[in-house]
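*Asks:*
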Amino acid sequence: MAVGSPCPDMARMRAPDNRYNGLDDESVDAIAMLTGASFYEVRAAHKADIAAWMREQELADHPDLAAVDADLNRVAERH
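Be aware that the sequence shown starts at 3, since it is given in my numbering, and climbs by one per residue.
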């Protein structure tokens, strides 16, 4: 994916709905067309967002100061 590609941002923008309902092929195609990314790049960005979101949910559900401290840089980069 090209540097500065909007694909990760576009996937993140749609993430609240997609985190709960999934990302169907039609949505992937639309995001790919709008961003100039490939179908597989959009899927990879979505998968990475879901993994990061799941980790954030684990930390919220079971706060452990050592885990939060170790994860602060990643959290800061996402927000």
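Backbone N, C-alpha and C define an ideal beta-carbon position, used for all residues, glycine too.
What residue range does the alpha helix (DSSP H) around residue 25 cover?
*Replies:* Along the sequence shown, one-based indexing puts residue 25 at 23. It is not in any alpha helix (DSSP H) - residue 25 carries neither H nor E in the DSSP assignment.
*Asks:* With a CB to CB cut of under 6 Å and the five nearest residues on each side skipped, what residues in its chain are close to residue 46?
*Replies:* Start at 1 with the first residue of the sequence shown, and residue 46 comes out as number 44. None.
*Asks:* Can you look up residue 29 in the DSSP assignment and give me helix, strand or coil?
*Replies:* Position 27 of the sequence shown, counted from the start, is the residue given in the question as residue 29. Correct three-state label for residue 29: helix.
*Asks:* Looking at the C-beta of residue 21, does it have a partner C-beta in chain B at a distance below 7 Å?
*Replies:* You won't find chain B in this structure, because it holds only one protein chain.
*Asks:* Using 10 angstroms around the beta-carbon of residue 20, count the other beta-carbons present and answer buried if the total reaches 16, otherwise exposed.
*Replies:* Position 18 of the sequence shown, counted from the first residue, corresponds to residue 20. Buried is the call here.
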